[in-house]
Structure formats: C-alpha cells, structure tokens
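Worksheet for the structure shown next.
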Amino acid sequence: MLVYLIRRLLQSVAVLLVMSVLVFVGVFAIGDPVEILINPQADQAEIARARAALGLDQPLWRQYALFVVNAATGDLGRSFVHNVPAIDLILQRMPATLELAVTATLFGVLLGVPLGLLAGLRPQSRIGKSIMAGSILGFSLPTFWVGLMLIMVFAVQLGWLPSTGRGETRRVLGIDLSILTLDGLRHIVLPALNLALFKLSLVIRLSRAGTREVVLQDYVKFARAKGLAQRRVVWVHVFKNIMIPIVTVLGLELGSTIAFAVVTETIFAWPGMGKLIIDSINLLDRPVVVAYLMVVVFMFILINLAVDLAYSVLDPRVRLSEVKG
Amino acid sequence: MTAEIVPVAPAVETPFRRFVAEFCASRLAVAGLVGLSIILLVAIFAPWIAPQDPYDLRQLDVLDGRLPPLSKSMGGKTYWLGTDDQGRDMLSGIMYGLRTSLLVGVGSSFFAMLIGMAAGLTAAYVGGAIETLIMRIVDIQLSFPAILIALILLAVLGQGVDKIMIALVAVQWAYYARTVRGTALVERRKEYIEAARCLALGKSRIVFRHLLPNCLPPLIVVNTVLVAGAIALEATLSFLGLGLPITKPSLGLLIANGFAYMLSGKYWISFFPGVALLATIVCINLVGDQLRDVLNPRLQK
Numbered sequence: 023m024l025v026y027l028i029r030r031l032l033q034s035v036a037v038l039l040v041m042s043v044l045v046f047v048g049v050f051a052i053g054d055p056v057e058i059l060i061n062p063q064a065d066q067a068e069i070a071r072a073r074a075a076l077g078l079d080q081p082l083w084r085q086y087a088l089f090v091v092n093a094a095t096g097d098l099g100r101s102f103v104h105n106v107p108a109i110d111l112i113l114q115r116m117p118a119t120l121e122l123a124v125t126a127t128l129f130g131v132l133l134g135v136p137l138g139l140l141a142g143l144r145p146q147s148r149i150g151k152s153i154m155a156g157s158i159l160g161f162s163l164p165t166f167w168v169g170l171m172l173i174m175v176f177a178v179q180l181g182w183l184p185s186t187g188r189g190e191t192r193r194v195l196g197i198d199l200s201i202l203t204l205d206g207l208r209h210i211v212l213p214a215l216n217l218a219l220f221k222l223s224l225v226i227r228l229s230r231a232g233t234r235e236v237v238l239q240d241y242v243k244f245a246r247a248k249g250l251a252q253r254r255v256v257w258v259h260v261f262k263n264i265m266i267p268i269v270t271v272l273g274l275e276l277g278s279t280i281a282f283a284v285v286t287e288t289i290f291a292w293p294g295m296g297k298l299i300i301d302s303i304n305l306l307d308r309p310v311v312v313a314y315l316m317v318v319v320f321m322f323i324l325i326n327l328a329v330d331l332a333y334s335v336l337d338p339r340v341r342l343s344e345v346k347g
Numbered sequence: 525m526t527a528e529i530v531p532v533a534p535a536v537e538t539p540f541r542r543f544v545a546e547f548c549a550s551r552l553a554v555a556g557l558v559g560l561s562i563i564l565l566v567a568i569f570a571p572w573i574a575p576q577d578p579y580d581l582r583q584l585d586v587l588d589g590r591l592p593p594l595s596k597s598m599g600g601k602t603y604w605l606g607t608d609d610q611g612r613d614m615l616s617g618i619m620y621g622l623r624t625s626l627l628v629g630v631g632s633s634f635f636a637m638l639i640g641m642a643a644g645l646t647a648a649y650v651g652g653a654i655e656t657l658i659m660r661i662v663d664i665q666l667s668f669p670a671i672l673i674a675l676i677l678l679a680v681l682g683q684g685v686d687k688i689m690i691a692l693v694a695v696q697w698a699y700y701a702r703t704v705r706g707t708a709l710v711e712r713r714k715e716y717i718e719a720a721r722c723l724a725l726g727k728s729r730i731v732f733r734h735l736l737p738n739c740l741p742p743l744i745v746v747n748t749v750l751v752a753g754a755i756a757l758e759a760t761l762s763f764l765g766l767g768l769p770i771t772k773p774s775l776g777l778l779i780a781n782g783f784a785y786m787l788s789g790k791y792w793i794s795f796f797p798g799v800a801l802l803a804t805i806v807c808i809n810l811v812g813d814q815l816r817d818v819l820n821p822r823l824q825k
C-alpha cells in the first residue's frame with residue numbers, strides 16, 4: 023500500500039512537470055504580449071524596458087527555471103493585464119466555478135437516480151423507454167447549444183430567469199456564494215442545468231443498468247419474499263447497491279465538470295475560472311493561462327489520486343499492491 | 525441498402541446479407557442511416573445545391589441582414605431559414621458549415637485512428653517495456669477530459685483548420701489505442717494466429733493480414749462514436765472562439781455568431797445550425813449504437 027502510494031505520488035509529480043513544460047513552452051510560442059500591452063506610440067527603448075520588466079528578455083529555459091522555482095513557493099507569476107498575482111486571480115474565481123460544478127452534480131444525481139431507477143424497474147414500459155431516449159438525446163446534444171436554447175426559452179421568450187452573471191451573493195467563511203440568496207439561486211438554475219445535462223444522462227444510464235442487475239439478485243428476491251413494501255425494497259435494497267458505481271463515476275466526473283464549466287461559464291457570463299481562461303487566451307495574458315492550466319492539472323491529479331484511493335477503501339476486491347506500476 | 529433484404533429468389537445467406545438484415549432490424553437505426561446519408565450528400569454537394577455561395581461577398585447584401593425565416597430578399601429570393609448579420613442565407617451557410625464540420629470531424633478521427641491503431645497494435649504485439657510505456661501515456665491522457673487537452677493545445681497552437689485537427693487527433697488517438705490493444709490481446713491468443721505463426725509467416729504479414737482485420741469490428745464502433753465526439757468538440761471549441769478562423773465557418777462558429785443576437789429574440793441565426801449539428805450527431809450515434817449491437821459477438825445468437 024505504502025509502495026503504491028509513493029509510486030503513485032511520484033507519477034503525479036512527473037505528470038505535473040511534463041504538463042508544465044508543455045504548457046509553458048507552448049504558451050510562450052503564441053503572440054507577443056508586449057505588442058498588445060504597450061501603447062502603440064511607444065519607442066524602442068520603452069518596449070525594451072517593458073520586456074525587461076516582464077522578464078521576457080531572458081532565454082526561455084531561464085524563464086522556465088524561474089517559473090518552476092516560483093511555482094514551488096506558490097507564485098505562478100503576475101497577470102500582464104490585471105497586474106495582480108495570477109494565482110490570486112484564479113483563487114478568487116474558483117468558488118464560483120466550484121459552486122456551479124457542485125450544483126450541477128447535485129442536479130444530475132437528484133434527477134438522474136430516480137429517473138434511472140424508474141427506467142430500470144420498468145424497462146419495457148413507455149416511461150422507461152422515453153427516459154432512455156431522453157438520455158441518448160442528452161448525450162448527443164452539444165452542451166453549448168443547449169445553453170443557448172435555455173437562454174432563448176427561459177430568459178428571452180418567457181423571461182422567467184436571468185441569463186447572465188451570478189446575481190446577489192452572500193459571504194460565508196470568506197467565500198461568496200450565490201446559492202444562499204434567492205436572486206443568486208435564480209441565476210444559478212440555468213447554468214447548473216446546462217452543465218448537469220451530460221451528467222444527468224450518465225447517471226440515468228448507470229442507475230438503470232444497475233437497477234436491472236440488482237433486481238435479479240437473491241437478496242432483492244428475498245426481501246420481496248419477506249413481504250417488504252415495494253418502496254422499502256427499492257429505496258433500501260436496490261438504491262444502496264446501485265450507488266457504488268454512481269459515486270465513483272461522479273467523483274471522476276467532478277474534474278471534467280470543472281473543465282466543461284469553461285463552456286457554460288462563457289455562455290452564461292458566469293464569473294468563474296473558465297471564463298477567466300477564455301478571456302486570458304484572447305488577451306494573451308500568458309501568466310494567467312499557464313497558472314490556470316497548472317491549477318486545473320493539479321486538481322485533476324488530486325482527484326484521480328483520491329478516486330483511486332477511495333476505490334481501494336470502498337471495494338476490497340481491488341488490491342492496490344497488485345496493480346501493475 | 526434496404527433493397528438487398530428483399531430477396532427475389534431464395535437468398536443465399538452470406539455474412540454480409542446477415543449483417544445488413546440484422547442492422548435493419550432496428551427501424552431507428554435505419555432512420556439514422558438514411559438521415560446520415562442525406563446529411564453527407566448535402567455536405568458533399570453543397571456548392572451545387574446551396575441557393576447562395578456564403579463566402580462570395582458579391583452575393584451578399586447587408587440590407588438583407590437579420591431577416592427572419594421565410595422572408596423575401598430584395599431580389600425576390602426566399603430565405604427559408606432567414607439570414608445572419610451579414611445578409612448571408614442561413615440555409616447555404618449551414619450546408620457549407622456542415623462540409624467544414626464533417627471534414628474536420630471525419631478527417632481528424634481518421635488520422636487519430638491510424639495513430640491509435642499503430643500504437644495499440646505495437647503495444648499488443650511487441651509487449652514488454654514498449655507496451656507499458658504506450659499504455660501509461662494512454663492511461664494518463666485518458667484521465668484528463670478531452671476538452672481540457674484540446675484547450676491546452678489550442679491555447680498553445682492558435683487558430684486554424686490544421687491546428688484544430690491536430691488537437692482533435694491528440695485527444696482521440698488514445699481511445700483507439702486502448703480499443704485496438706484490448707482486442708488485439710484477445711485475438712493474438714486465438715488459434716488462427718498460432719496457425720499463421722506455425723506456417724512461419726512474417727511478423728508484418730501476421731499483424732496486417734491476420735490480426736488487424738479481426739480487430740476491425742470494435743474499431744468501427746468506436747470510430748462512429750468518436751467521429752460524433754470530434755464533430756461536437758470542434759463545434760464547442762469553435763464556439764469558444766478557439767477553433768476555426770472566421771473565414772471558414774463551421775456549425776459551431778455559425779452558432780457563436782448568432783449568440784450575440786439571441787438576446788434580442790433573433791433565434792434563427794443560432795437555432796438552425798444547432799439543429800443541423802444535433803441531427804448529425806444523433807444520426808451518427810443511432811447508427812453507431814446499432815453497429816455495436818450487431819458486431820458485438822457476445823450478443824450474437
């Protein structure tokens with residue numbers, strides 16, 4: 023177990039380093055930020071001074087070495103555009119993204135599990151079939167287009183819900199949250215629903231497949247034979263057993279939800295990390311782009327590690343020490 | 525295709541006929557195939573059947589801009605699906621956009637398949653340290669979501685048809701590699717490979733003539749799913765402004781273009797390209813679903 027953990031951590035560090043080289047070298051190949059940042063009438067000397075101030079006159083390898091040394095101490099560079107530390111900019115936006123991702127996941131589970139159970143208990147009925155057809159549609163629908171349609175229907179035509187921003191937020195433990203105010207809740211419904219769409223389809227499929235398998239098991243038959251009410255059989259015996267794969271997949275999906283939030287945030291002008299990265303790419307704000315990618319890659323490595331470890335705890339059949347390194 | 529299952533004389537059962545018959549067992553899948561064929565034909569023949577060349581600025585009239593569907597132009601033409609802000613006929617725009625989207629999607633999946641197939645076959649047949657290395661890279665890559673990898677690459681590479689294709693290939697090769705390796709590992713233990721080895725056939729002959737053809741069925745299934753995925757991902761990236769340049773609008777870019785007018789109720793600029801995109805993806809998925817059932821040896825009676 024300890025050997026596995028150490029090997030897994032070393033691998034994570036290696037991935038992080040490879041990613042950092044890729045991102046750093048790559049991002050520095052695009053455009054010259056000085057041209058955008060400086061007044062077009064500036065003379066040669068001024069441009070050179072700006073270059074030196076931003077550290078762009080150094081050779082690439084030295085810039086990278088400096089970046090790694092600074093990154094190890096938590097400093098990922100200063101934003102060219104906002105002139106504040108890039109990491110602060112990202113951390114400031116992170117709660118909004120996490121709030122959106124968690125709300126979307128909740129939507130996916132709260133709607134998906136009951137629908138999947140229903141479809142799994144009555145696979146041949148019309149309801150079961152339409153739920154499945156709906157989930158196929160949910161996989162096929164491009165997220166960004168659904169977002170536009172949600173705006174068109176609920177914000178433009180019906181005028182029920184707002185389509186941009188976070189609305190009023192309330193500060194809890196130093197973090198601004200939208201879900202605590204009525205206005206904020208109204209603002210989060212559409213983006214969260216949009217982001218939940220894919221997860222919803224996934225959860226429906228998983229819980230339907232799980233239900234169909236579990237209802238054939240002896241313990242369910244036995245529970246029925248004991249004369250337990252259908253409700254108790256479904257919510258205690260079936261429900262508990264279909265949740266294991268769903269929890270695992272959702273854990274893994276949390277990362278991709280955060281990545282996909284880029285699209286939803288752009289559409290709904292949700293001020294999270296995703297919107298920040300798109301804006302930064304367009305403004306050639308290199309330090310922020312590099313910092314964002316590093317933060318997200320880091321989050322991913324952590325999530326993957328946590329899921330792997332959780333697996334070994336939850337499911338004793340998975341013997342980590344035997345996993346080939 | 526449907527003509528083949530209506531035999532005039534008692535038909536001889538060939539594997540192909542059986543395949544066709546099994547495929548046609550699902551009406552939904554046949555509908556998907558018909559839809560897909562229509563979409564492909566429209567995309568291929570767009571320059572001949574589109575009412576207007578959307579890239580030819582001489583044919584556009586800014587005065588016709590943002591007209592709702594079914595309105596008439598100054599010249600008496602009907603814009604069935606309305607026009608965009610430049611006065612471009614949406615129907616023509618969609619036909620040309622389909623061309624770009626399909627080209628990028630199919631093209632990048634094809635290259636990804638070549639690379640993934642080579643990597644997967646090498647891993648399965650050579651084994652050892654090379655296999656471990658290849659599969660480690662695949663594992664690590666697949667632990668990141670596709671959109672993140674594409675985002676990193678496009679932030680690095682910039683815009684352009686070639687750039688987005690590189691990004692899509694880089695995203696997708698790993699799926700092919702994993703599938704091919706998995707199948708090849710099973711297939712290489714079978715008797716016919718052993719027999720080929722006993723005949724002292726060359727390694728490349730065994731791999732390409734015996735092993736590869738038998739790995740194709742699952743590959744075809746993965747391919748349909750991944751083509752749909754590539755088309756959707758390209759549209760998403762283009763929508764974010766990271767994909768194709770404005771000179772070659774794909775469906776995603778057309779949708780992005782209409783986004784600005786959505787809030788003023790001009791829905792058609794975004795709506796119809798989205799419908800075209802959705803129809804394409806749904807048709808591919810329907811065909812892919814049925815192919816998976818037909819080609820899956822576990823489900824065969």
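Here the protein sequences come in this chain order: S and Y. Each position in the first sequence, counted from 1, maps to that position plus 22 in the working numbering. Each position in the second sequence, counted from 1, maps to that position plus 524 in the working numbering. All C-beta atoms in this analysis are idealised placements derived from N, C-alpha and C, irrespective of residue type, glycine included.
Roughly how many angstroms separate the alpha carbons of residue i and residue j, rounded to a whole number?
i                            : j                            : result
alanine 780 of chain Y       : glycine 767 of chain Y       : 11 Å
arginine 660 of chain Y      : alanine 653 of chain Y       : 10 Å
aspartate 580 of chain Y     : proline 117 of chain S       : 47 Å
serine 561 of chain Y        : leucine 787 of chain Y       : 35 Å
isoleucine 264 of chain S    : leucine 672 of chain Y       : 30 Å
glutamine 85 of chain S      : valine 312 of chain S        : 13 Å
glycine 617 of chain Y       : valine 695 of chain Y        : 28 Å
isoleucine 69 of chain S     : alanine 75 of chain S        : 10 Å
threonine 602 of chain Y     : aspartate 577 of chain Y     : 15 Å
valine 103 of chain S        : arginine 115 of chain S      : 16 Å
isoleucine 226 of chain S    : phenylalanine 322 of chain S : 25 Å
alanine 756 of chain Y       : valine 630 of chain Y        : 12 Å
phenylalanine 261 of chain S : alanine 94 of chain S        : 45 Å
serine 223 of chain S        : phenylalanine 46 of chain S  : 36 Å
arginine 234 of chain S      : valine 40 of chain S         : 43 Å
proline 737 of chain Y       : valine 731 of chain Y        : 9 Å
glycine 296 of chain S       : threonine 119 of chain S     : 7 Å
phenylalanine 783 of chain Y : leucine 819 of chain Y       : 41 Å
leucine 228 of chain S       : valine 236 of chain S        : 12 Å
glycine 160 of chain S       : isoleucine 112 of chain S    : 31 Å
Taking the beta carbon of residue i as the centre, do at least 16 other beta carbons fall within 10 Å, making it buried, or is it exposed?
i                            : result
proline 539 of chain Y       : exposed
alanine 549 of chain Y       : exposed
valine 345 of chain S        : At valine 345 of chain S the pLDDT is 46, less than 50, meaning the model places this residue with poor confidence; the figure from the coordinates comes in the next sentence. So valine 345 of chain S ends up on the exposed side.
tyrosine 314 of chain S      : buried
histidine 209 of chain S     : buried
serine 42 of chain S         : buried
threonine 804 of chain Y     : buried
asparagine 809 of chain Y    : buried
glycine 347 of chain S       : Summary for glycine 347 of chain S: the model assigns pLDDT 39, below 50, so the residue's position carries little reliability, and this model does not support an answer.
serine 343 of chain S        : Unreliable placement is indicated for serine 343 of chain S, whose pLDDT of 47 sits below 50; no coordinate value is reported for it.
alanine 670 of chain Y       : buried
serine 162 of chain S        : buried
glutamate 275 of chain S     : buried
phenylalanine 569 of chain Y : exposed
tryptophan 167 of chain S    : buried
Look at residue i and residue j and say whether their C-beta atoms are less than 8 Å apart.
i                       : j                            : result
glycine 789 of chain Y  : alanine 708 of chain Y       : no
leucine 740 of chain Y  : leucine 775 of chain Y       : no
alanine 126 of chain S  : alanine 214 of chain S       : yes
glycine 294 of chain S  : leucine 122 of chain S       : yes
proline 164 of chain S  : threonine 656 of chain Y     : no
glycine 156 of chain S  : phenylalanine 290 of chain S : no
arginine 144 of chain S : glycine 150 of chain S       : yes
serine 633 of chain Y   : glutamate 758 of chain Y     : no
valine 211 of chain S   : leucine 183 of chain S       : yes
leucine 735 of chain Y  : arginine 712 of chain Y      : yes
tyrosine 700 of chain Y : valine 751 of chain Y        : no
leucine 217 of chain S  : threonine 286 of chain S     : yes
glycine 798 of chain Y  : threonine 748 of chain Y     : no
lysine 243 of chain S   : threonine 279 of chain S     : no
How many whole angstroms separate the CB atoms of residue i and residue j, which I take to be in contact at a CB cut-off of 8 Å?
i                        : j                         : result
leucine 692 of chain Y   : alanine 754 of chain Y    : 5 Å
leucine 622 of chain Y   : isoleucine 563 of chain Y : 7 Å
glutamine 665 of chain Y : alanine 636 of chain Y    : No, glutamine 665 of chain Y and alanine 636 of chain Y are not in contact; Cβ-Cβ is about 12 Å, not under 8 Å.
lysine 559 of chain Y    : cysteine 722 of chain Y   : Residue 559 of chain Y is actually glycine in this sequence, not lysine. Not a contact, Cβ separation roughly 48 Å.
Residue ranges of each alpha helix (DSSP H) within the region 598-685 of chain Y, 4 or longer: Runs of the alpha helix (DSSP H) lying entirely within the region 598-685 of chain Y and spanning at least 4 residues, in chain order: 614-650, 652-666 and 670-681.
Contiguous alpha helix (DSSP H) assignments of at least 4 residues, all confined to the region 178-244 of chain S: Fully enclosed alpha helix (DSSP H) runs of 4 or longer: 204-236.
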